[in-house]
Amino acid sequence: MDDELSVRVMLGRLLRLAEYRVREYATGEEFLASLSAHVPLCAIVDLHMPGLSGFEVQSRVRAANLQVPVVFITGSDDDALDRIALAAGARNLLRKPFSSEELLEAIGFAIGPAGRTGMVK
């Protein structure tokens, strides 16, 4: 999920080309509301969004006892975010701009052998 439409479109295209099923959300609230109908195998979450931050979204997912691996993305170059994200249980933190290969590798690590169904961004 990312609040920037251009980022959501780019990520959606890339993931569909890699044969992932994708659902896109502009806000953390939108994503959290969707969890009653669909629990993804992985979530790609921007750290800095209006409303709920990426960390708040992940905290609420964990509080609901849902096992959704998170790959955070950010435009920030703050080195402390790596430590905070990993301590919060994220599988990875990618800094924009990141390559297609970096994103696909991070997703592969996050979902492991679970496969390529149910991917959400």
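If you're matching positions, the sequence shown starts at 1 in full-length UniProt numbering and goes up one per residue.
By construction, the Cβ of each residue, glycine as well, lies at the ideal position given by its N, Cα and C atoms.
Three-way DSSP call (helix, strand, coil) for residue i in this model
i: Val7; result: helix
i: Leu66; result: coil
i: Glu101; result: helix
i: Ala18; result: coil
i: Val39; result: coil
i: Glu24; result: coil
Separation of residue j from residue i, as counted between CA atoms
i: Gly28; j: Gly54; result: 7 Å
i: Thr10; j: Leu47; result: Reading off the sequence, residue 10 comes out as Met, not Thr. Cα-Cα distance, rounded: 17 Å.
i: Phe109; j: Arg91; result: 8 Å
i: Leu66; j: Val39; result: 8 Å
i: Met64; j: Gln58; result: Looking at the sequence shown, residue 64 is not Met but Ala. About 10 Å.
i: Ala88; j: Glu19; result: 29 Å
Residue environment, residue i, which counts as buried when at least 16 other CB atoms sit within 10 Å
i: Arg16; result: exposed
i: Asp78; result: exposed
i: Leu41; result: buried
Counterpart residues of residue i in DSSP-defined beta bridges
i: Leu93; result: Phe72
i: Val61; result: Beta-bridge pairing links Val61 to no other residue.
i: Ile44; result: Val71
Given 8 Å as the limit, is there contact between the region 92-105 and the region 65-74, that is, 3 or more CB pairs closer than that? yes
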